[in-house]
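*Asks:* Quick one: structure below, then a few questions.
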Amino acid sequence: MKSLYFLCLTALALAGQVEAKPISKLHRRDGDKVACRNYKTDFSEGLDGWVAAYAPDNTFKQSDRGLEMYLIRPDEYKDPKHYKALDDGDEDGPHNEFVGAGPTFNSTTYMHYGTITAEVQSASVGGAVTAFILMGDGNDEIDFEWVGEQGNKVQTNYFWGQKVVTGVNDKEVDVNGEPSHKAFHTYKIEWTPEHIKWYVDGDLTRTKTKKETCEDKENEKNCKFPTQPSRIQLGLWDGSKQPGTAKWARGPIDWSKHSSIPAYIKSVTSECNPEYNDIINDDENE
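Residue numbers (mature numbering (1 follows the signal peptide of the UniProt record, and there is no 0)): -20 to -1, 1 to 266.
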């Protein structure tokens, strides 16, 4: 699921990343290959390799638990109310006029096919959305998203940036054992030119092949499959702004009951496909 509000946050995050470090330093190429680093970030040890691209005051801290992200109550807020949506495609339904502020983090290197893994404990409150994403500059996207109060499920999704369509490519998959908002679980995305695979705690939960996305499946032409070099993005956002998004996110958030809502990232691992990436070492200057 994608909301206009989250798309705006993503645009702000992109702008913040470019200000923090020029794109030429993030996207170095050797021929037609993307500069990609194999690494594991243990957030209990620090935030090296990551940019806090959008991070209002008090929305994150680094601790022994890892990267602690917080959704902060808006300065002004009202009880959820009902209103008639105006020709925007959203259904009527409860929503919040004011939304909480949360952080977005971007990795400082790109990947063109490979595997990313994260240890995540998601937010627990309905309306709060925790995100682990591969995001291309042209809006290609592959993701895991967790909606509060749904501890036994996680949303998997992908978007083809040339024509972003919501509500089509998403699929819920199971999270077994302890609820996702009470314990850390391990989530992995495997991305190749031929397929995307989503794993939860080592178990394959979903596969999407490029061929399935093609209008001409026999010849694999006119395909709507993510192919853009992408960076890893982590975030926590308030899905309460639009009625349709609030319903999907199990919201809206009743901010009279919360001053902040946490989610935690223990670690992120990136493994680049050497066929499509120029593998760079930690001691190289970017």
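We put the beta carbon where it would ideally sit given N, CA and C, even for glycine.
Could you name each continuous beta strand (DSSP E) segment of 3 residues or more that falls completely within the region 80 to 144, going from the start of the chain to the end?
*Replies:* 84 to 87, 94 to 101, 108 to 116, 121 to 127 and 133 to 139
*Asks:* Alpha carbon to alpha carbon, what distance is there between E121 and T84?
*Replies:* 15 angstroms
*Asks:* To the nearest angstrom, how far is it from the Cα of L6 to the Cα of Q208?
*Replies:* Caution applies to L6, whose pLDDT of 47 falls short of 50 and renders its modelled position unreliable; the value that the coordinates give is listed next. So the alpha carbons of these two residues sit roughly 14 angstroms apart.
*Asks:* So what's K237 in DSSP terms, helix, strand or just coil?
*Replies:* helix
*Asks:* Which of helix, strand or coil does DSSP assign to E198?
*Replies:* coil
*Asks:* What do you reckon, are the CB atoms on Y244 and L47 nearer than 8 angstroms?
*Replies:* yes
*Asks:* Pick out whichever of W178, E251, N257 and A226 has its Cα sitting closest to the Cα of P74.
*Replies:* Selection W178, E251, N257 and A226 evaluated against P74 yields A226 as nearest (Cα-Cα).
*Asks:* Which two residues bound the contiguous beta strand (DSSP E) that contains P209?
*Replies:* Counting along the chain, P209 falls outside any beta strand (DSSP E), and DSSP gives it neither H nor E.
*Asks:* Given that a residue counts as buried once 16 or more other Cβ atoms are within 10 Å of its Cβ, and exposed if not, what is Q142?
*Replies:* It counts as exposed.
*Asks:* With 16 as the cutoff for other CB atoms within 10 Å, does K151 come out buried or exposed?
*Replies:* By the neighbour-count criterion, in which 16 or more other beta carbons inside 10 Å mark a residue as buried, K151 falls on the exposed side.
*Asks:* Would you tell me roughly how many angstroms separate the C-alpha atoms of L192 and A229, rounded to the nearest one?
*Replies:* At residue 192 the sequence reads Glu, which differs from the Leu that was named. The straight-line gap from Cα to Cα measures roughly 27 angstroms.
*Asks:* What would DSSP say about G224, mapped onto helix, strand or coil?
*Replies:* Secondary structure of G224 (DSSP, three-state): helix.
*Asks:* If I'm right that M91 touches C16 with Cβ under 8 angstroms, what's the distance once you round it to whole angstroms?
*Replies:* With 8 angstroms as the limit, M91 and C16 qualify as a contact, their Cβ atoms being about 5 angstroms apart.
*Asks:* For the beta strand (DSSP E) that contains H161, what are its first and last residues?
*Replies:* Run containing H161: none; DSSP gives neither H nor E here.
*Asks:* If distances are taken between C-alpha atoms only, which option among N137, I241, G224 and D181 comes closest to M49?
*Replies:* I241
*Asks:* Could you give the first and the last residue of the continuous beta strand (DSSP E) run that contains D154?
*Replies:* K151 to D154
*Asks:* Just verifying my parser: in three-state terms, what is the DSSP assignment at E192?
*Replies:* Helix at E192.
*Asks:* In the DSSP assignment, what residue or residues form a beta bridge with R186?
*Replies:* R186 has W178 as its beta-bridge partners, per DSSP.
*Asks:* Under the three-state reduction of DSSP, which class applies to K20: helix, strand or coil?
*Replies:* strand
*Asks:* Enumerate in chain order the residues of its own chain whose CB-to-CB distance from N253 is below 6 angstroms, with the five nearest sequence positions on each side excluded.
*Replies:* Y93 and G94
*Asks:* Do you know how far the Cα of R45 is from the Cα of F112?
*Replies:* Approximately 18 angstroms, taken between the alpha carbons.
*Asks:* Determine the DSSP secondary structure at P242, reduced to helix, strand or coil.
*Replies:* strand
*Asks:* Applying the 10 Å Cβ sphere with the 16-neighbour rule, what's the burial state of T110?
*Replies:* buried
*Asks:* If contact is defined by three or more beta carbon pairs under 8 angstroms, each pair taking one atom from either stretch, is the region 155 to 162 in contact with the region 194 to 202?
*Replies:* no
*Asks:* Evaluate V14 with the Cβ neighbour count: other Cβ atoms within 10 Å of its Cβ, from every protein chain shown; 16 or more gives buried, anything less gives exposed.
*Replies:* buried
*Asks:* Work out the CA separation of Q42 and S24 for me, nearest whole Å.
*Replies:* 7 angstroms
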